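> Please read through the structure below; I'll follow up with questions.
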């Protein structure tokens, strides 16, 4: 299974409250009817813990995720009337948009005791360093880094690697090129635990230490399931 992620900015002149409301209540309802989508999640940013400055290409206002069986299923969806309606709505709240296709690897699975305790989510956007080797070497290093903790540790950790950039959206807004190669998702018991980890020695080493990836942005998000 793969997922399609849109990283997009807020339309100029639209308030953050108006942006979030439209994305959730109008765009989310349209996207609910897209064929072939197993899951659809909206990641609404509630706190920007770090952003590279100047940020490359365009700002990050929100990040969506839609799961499909494979790229062919995603392409069939993109030819549907429901998808056409979604595209027509994009200029109503989005500025620029970067489209990525990613594949997920769960590196830390939750225990039965913590499975229902994922109250806070951290989302990290990163790009590959110029000397980074292939993904078979990349993932084991990320696994080790995520499990070292000197404070509240993540309850779950999923690393998503970009596998396709060939599906831009022609929807009347600029097509972005935010250089994301990996998108990490971590879940914590609550926002306090998330911030404690992010500011801990191990958290800072994971986010900003010498590794195979350069961090672009670190966000505490409200993860809303639409489908």
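Residue numbers (the working numbering): 1 to 227. We put the CB at the ideal spot given by N, CA and C, even for glycine. Just so you know, these numbers come straight off a predicted model, no measurement behind them.
Compare the C-alpha of residue 106 against each of 187, 27, 78, 176 and name the closest.
As a working mapping, residue 106 is identified with position 106 in the chain shown. Per the Cα distances, 187.
> Roughly how many whole angstroms lie between the Cα atoms of residue 131 and residue 3?
Your numbering for residue 131 matches position 131 in the chain shown. Your numbering for residue 3 matches position 3 in the chain shown. Going from the Cα of residue 131 to the Cα of residue 3 covers about 26 Å.
> Identify, in the order they occur along the chain, each residue of the same chain with its Cβ nearer than 6 Å to the Cβ of residue 73, setting aside the five sequence neighbours on each side.
As a position in the chain shown, residue 73 is number 73, starting the count at 1. Contacts found: 36.
> Determine, using beta carbons only, whether residue 119 and residue 30 come nearer to each other than 9 Å.
Along the chain shown, read from residue 1 onward, the residue named residue 119 stands at position 119. Along the chain shown, read from residue 1 onward, the residue named residue 30 stands at position 30. No.
> Indicate whether residue 49 and residue 157 have their beta-carbon atoms separated by less than 9 Å.
For the purposes of this step, residue 49 is taken as residue 49 along the chain shown, with counting starting at 1. For the purposes of this step, residue 157 is taken as residue 157 along the chain shown, with counting starting at 1. No.
> Taking CB distances under 9 Å as the criterion, tell me whether residue 64 reaches chain C.
Absent from the structure is chain C; it holds one protein chain and no more.
> Determine, using beta-carbon pairs with one atom in the segment 89 to 103 and one in the segment 164 to 171, whether at least three such pairs fall under 8 Å.
They touch, by the three-pair rule.
> Taking C-beta to C-beta, are residue 211 and residue 142 nearer than 9 Å?
Along the chain shown, read from residue 1 onward, the residue named residue 211 stands at position 211. Along the chain shown, read from residue 1 onward, the residue named residue 142 stands at position 142. In this structure, residue 142 lies closer than 9 Å to residue 211 by Cβ.
> Out of 65, 46, 42, point me to the one whose CA is closest to residue 194's CA.
Within the chain shown, numbered from 1, the residue matching residue 194 stands at position 194. If we check each option's Cα against that of residue 194, 46 comes out closest.
> Given this structure, state the Cα-to-Cα distance separating residue 201 from residue 87, to the nearest angstrom.
Here residue 201 corresponds to residue number 201 of the chain shown, with the count starting at 1. Here residue 87 corresponds to residue number 87 of the chain shown, with the count starting at 1. About 43 Å.
> For the segment 51 to 123, which segments carrying the alpha helix (DSSP H) assignment without a break, of at least 4 residues, lie completely within its bounds, in sequence order?
DSSP runs (the alpha helix (DSSP H)) wholly in the segment 51 to 123: 71 to 78, 81 to 89.
> Classify residue 203 as helix, strand or coil using the three-state DSSP reduction.
Residue mapping note: residue 203 aligns to position 203 of the chain shown, counting from 1. In this structure, residue 203 counts as helix in the three-state DSSP scheme.
> Measuring alpha carbon to alpha carbon, tell me which of 205, 176, 189, 19 ends up nearest residue 110.
Counted from its first residue, the chain shown places residue 110 at position 110. Answer by Cα proximity: 189.
> Name the one or two DSSP bridge partners that residue 19 has.
Counted from its first residue, the chain shown places residue 19 at position 19. Answer is none; residue 19 lacks a bridge partner.
> Measure how close the beta-carbons of residue 67 and residue 38 come, nearest whole angstrom, since I'm counting them as under 8 Å.
For the purposes of this step, residue 67 is taken as the residue at position 67 of the chain shown. For the purposes of this step, residue 38 is taken as the residue at position 38 of the chain shown. Indeed, because the Cβ distance is near 4 Å, the residues count as touching under 8 Å.
> Please report the Cβ distance between residue 54 and residue 179, rounded to the nearest whole angstrom; I am assuming they are in contact, meaning their Cβ atoms lie under 8 Å.
Numbered from its first residue, the chain shown carries residue 54 at position 54. Numbered from its first residue, the chain shown carries residue 179 at position 179. About 13 Å; that fails the 8 Å criterion.
> On a Cα-Cα basis, can you pick out the residue from 159, 25, 198 that is closest to residue 185?
Position 185 of the chain shown, counted from the start, is the residue given in the question as residue 185. For the residues 159, 25, 198, the minimum Cα distance to residue 185 belongs to 159.
> What did DSSP end up calling residue 144 once you bin it into helix, strand or coil?
Here the question's residue 144 lines up with position 144 in the chain shown. In the structure shown, residue 144 sits in a helix (DSSP, three-state: H, G or I).
> Based on the DSSP secondary-structure assignment, which residues constitute the bridge partners of residue 182?
Position 182 of the chain shown holds residue 182. Note: residue 182 sits in a beta bridge opposite 126, 161.
> Near residue 139, what residues of its chain come up, given a Cβ to Cβ distance below 7 Å and the 5 sequence neighbours on each side ignored?
Residue 139 sits at position 139 when you count from the first residue of the chain shown. Cβ neighbours of residue 139 beyond the five flanking positions: 105, 159.
> Along the chain, where does the alpha helix (DSSP H) that runs through residue 216 open and close?
Translated into the one-based positions of the chain shown, residue 216 becomes position 216. Per DSSP, residue 216 belongs to no alpha helix (DSSP H); it is in the beta strand (DSSP E), 213 to 225.
> Smallest Cα separation from residue 124: which of 70, 63, 151, 227?
For this step, residue 124 is matched to residue 124 along the chain shown. Ranking 70, 63, 151, 227 by Cα distance to residue 124 puts 63 first.
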